[in-house]
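These notes concern the structure reproduced below.
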Amino acid sequence: MKKDTFRVVTRGANGQLRIKDYGSTDPLLRMHTQIGVDDCSTDLDLRGMPVFRGLIGPMAEGKNVVRYESPDVFEALTKEWIAQPAEKRRRRRRKPLEGSPETTATPVADMPVQPTDLASQETQ
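Here my numbering is used: the first residue of the sequence shown is -11, the next is one more, and so on.
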């Protein structure tokens, strides 16, 4: 799906996040210097998108939004993301079903030996 919204996230003078959306890269090209194009993103829709001096990005945000962040916003949001406690995963152990091989296994020492088993071992 084509990315058609370009979002720039910066920090205002009062410390609040400022989010500005653009319909194309033209306004960004007038405000920032393009220093390259993205050629290694795992999101294939981002490949070929411009890389700007002074902005971190491009990053995917949703299906049709390309996000760029100022370095201080990127650092702050990354620290917040890392500081969030990880979800605790619980491992459930399944109880073996009655009559399953795990509960009805016969020890090897108690298994009867068939004469055909011995004959096949001697010929090998």
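Where a beta carbon is used, it is the ideal one built from N, C-alpha and C, also for glycine.
Check	Outcome
Might you give, ordered along the chain, the residues of its own chain that have their beta carbon closer than 7 Å to the beta carbon of residue 35, omitting 5 neighbours on each side?	26, 27 and 29
Who are the near neighbours of residue 39 in its chain, counting only those whose CB is closer than 8 Å to its CB and skipping five residues on each side?	22, 23, 24, 25, 26, 45 and 46
Are residue -5 and residue 55 close, meaning C-beta to C-beta below 8 Å?	yes
Counting C-beta neighbours from all protein chains within 10 Å, is the total for residue 63 16 or more, i.e. buried, or is it exposed?	exposed
In this structure, how does DSSP classify residue 55 when only helix, strand and coil are distinguished?	strand
Would you list, in sequence order, the uninterrupted beta strand (DSSP E) runs of no fewer than 3 residues that lie entirely inside the stretch 9 to 62?	22 to 25, 38 to 40, 44 to 49 and 53 to 57
Nearest-angstrom Cα distance between residue 66 and residue 57?	11 Å
Measuring straight from C-alpha to C-alpha, what distance separates residue 61 and residue 4?	10 Å
Quick check on residue 43: buried or exposed, where buried means 16 or more other Cβ atoms within 10 Å of its Cβ?	buried
Are the Cβ atoms of residue 14 and residue -7 separated by less than 8 Å?	no
Measuring CB to CB, does residue 20 end up less than 8 Å from residue 41?	yes
Would you list the one or two residues that DSSP bridges to residue 5?	-1
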